[in-house]
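**Student:** Below you will find the structure I want to go over with you.
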Amino acid sequence: DQQVKQNSPSLSVQEGRISILNCDYTNSMFDYFLWYKKYPAEGPTFLISISSIKDKNEDGRFTVFLNKSAKHLSLHIVPSQPGDSAVYFCAARGGTSYGKLTFGQGTILTVHP
Amino acid sequence: NAGVMQNPRHLVRRRGQEARLRCSPMKGHSHVYWYRQLPEEGLKFMVYLQKENIIDESGMPKERFSAEFPKEGPSILRIQQVVRGDSAAYFCASSAPRGTGGSYNEQFFGPGTRLTVL
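Just so you know, the sequences run in chain order B and D. The first sequence begins at 3 in the numbering used here and counts up by one. The second sequence begins at 365 in the numbering used here and counts up by one.
Written as structure tokens, this is what we have:
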């Protein structure tokens, strides 16, 4: 029962262009969403989050969009840089367990110089 | 301002031995979470603890696994009689208490402990 899905295992983008990572969820009780970036052999690093009462949150080059009716969120990175190459996980909080984060499977982003 | 600390970073155990993984949360954080990442998979929630209390252990296997977060000292994830299927990366995260601002919504992760069972 995969409640949070990242359907693209990988994404390749040219430096300077926009990277768009997508995430879908099924549980309408989720009330907070987060994006994490992870390098090999390291822990996930928090990037940006959004509450379910909002539809957009921006922080520098990173913007997260939330479409509640479609149960879909996306992370936009503009402009993309080679250092952004990593695995990106979306996560959702809420439902029957307040503290628990439910993670997607991750998308490998590669930014080419 | 030190982040979440986990030790050891790498742990090798033979089948049947015990594994103890330690986690020290960020300063000022009193909520601790443990997650497990199997190869080629996302992170899976195991347990959520506050000081001296287990809040949610819905992701913990029913046998051999236990967790604690004592009043003093780090949180411990204990795996008894390890099997090869326990080989994974175990991540600890922490968050601030509610009422301390927006940061309580975000969980900050440690570098993980990579457990290998021979």
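Just so you know, even glycine gets a beta-carbon here, dropped at the ideal spot from N, CA and C. Remember, it's a predicted structure, so these values are computed and weren't measured experimentally.
Any Cβ of chain D within less than 9 Å of the Cβ of GLU44/B?
**Tutor:** Counting from one through the first sequence, the residue named residue 44/B turns up at place 42. At a cut-off of 9 Å between C-beta atoms, GLU44/B counts as an interface residue with respect to chain D.
**Student:** Please compile the residues from chain D whose C-beta is within a distance smaller than 7 Å of the C-beta of LEU36/B.
**Tutor:** Residue mapping note: residue 36/B aligns to position 34 of the first sequence, counting from 1. Correct list: GLU470.
**Student:** Is the Cβ-Cβ distance between TYR38/B and PHE473/D less than 9 Å?
**Tutor:** What you label residue 38/B is simply residue 36 of the first sequence in a count that begins at 1. What you label residue 473/D is simply residue 109 of the second sequence in a count that begins at 1. Yes, they are a contact pair.
**Student:** Beta carbon of MET410/D, beta carbon of GLU427/D: below 9 Å?
**Tutor:** For the purposes of this step, residue 410/D is taken as the residue at position 46 of the second sequence. For the purposes of this step, residue 427/D is taken as the residue at position 63 of the second sequence. For MET410/D and GLU427/D, no; Cβs fall outside 9 Å.
**Student:** Could you tell me which of CYS456/D, PRO425/D and ALA457/D sits nearest to ILE443/D, measuring between CA atoms?
**Tutor:** The count along the second sequence starts at 1 and reaches residue 443/D at position 79. Taking only the C-alpha atoms, the option nearest ILE443/D is PRO425/D.
**Student:** Is the beta carbon of GLY85/B sitting closer than 9 Å to the one on VAL113/B?
**Tutor:** Translated into positions along the first sequence, residue 85/B becomes position 83. Translated into positions along the first sequence, residue 113/B becomes position 111. Yes, they are a contact pair.
**Student:** How about GLN107/B: is its C-beta nearer than 9 Å to some C-beta of chain D?
**Tutor:** Position 105 of the first sequence, counted from the first residue, corresponds to residue 107/B. At least one chain D Cβ lies under 9 Å of GLN107/B.
**Student:** Report buried or exposed for LEU482/D, applying the criterion of at least 16 other Cβ atoms within 10 angstroms of its Cβ.
**Tutor:** Mapped onto the second sequence, residue 482/D falls at position 118. The residue is exposed, with fewer than 16 neighbouring Cβ atoms inside 10 Å.
**Student:** Taking the C-alpha atoms as reference points, what is the distance between ASP450/D and SER459/D?
**Tutor:** As a first step, residue 450/D must be located in the second sequence, where it is residue number 86. As a first step, residue 459/D must be located in the second sequence, where it is residue number 95. Each residue's Cα considered, the two are about 26 Å apart.
**Student:** Could you round the C-beta distance between SER21/B and SER82/B to whole angstroms and report it? I think they count as a contact, below 8 Å.
**Tutor:** Counting from one through the first sequence, the residue named residue 21/B turns up at place 19. Counting from one through the first sequence, the residue named residue 82/B turns up at place 80. 5 Å between Cβ atoms; contact.
**Student:** Quick one: using the 10 Å Cβ neighbour count with 16 as the cut-off for buried, is TYR45/B buried or exposed?
**Tutor:** To locate residue 45/B, count along the first sequence from 1; it is residue 43. As written in the sequence, residue 45/B is Gly, which differs from the Tyr given in the question. When all chains shown are included, GLY45/B counts as buried.
**Student:** With 16 as the cutoff for other CB atoms within 10 Å, does GLN16/B come out buried or exposed?
**Tutor:** Within the first sequence, the letter at position 14 stands for residue 16/B. Counting Cβ neighbours within 10 Å, GLN16/B comes out exposed, since fewer than 16 surround it.
**Student:** Alpha carbons only, please: which of ILE418/D, GLY476/D and ARG378/D is nearest the one belonging to SER99/B?
**Tutor:** Against the first sequence, residue 99/B aligns to sequence position 97. Nearest of ILE418/D, GLY476/D and ARG378/D to SER99/B, Cα basis: ILE418/D.
**Student:** With a cut-off of 9 Å, does the C-beta of SER51/B fall near any C-beta of chain D?
**Tutor:** Taking the first sequence and counting its residues from 1, one reaches residue 51/B at position 49. For SER51/B, the answer is yes, since a Cβ of chain D falls inside 9 Å of its Cβ.
**Student:** Name the residue from GLY101/B, THR65/B and LEU77/B whose alpha carbon lies nearest to the alpha carbon of TYR90/B.
**Tutor:** Along the first sequence, one-based indexing puts residue 90/B at 88. Closest by alpha carbon: LEU77/B.
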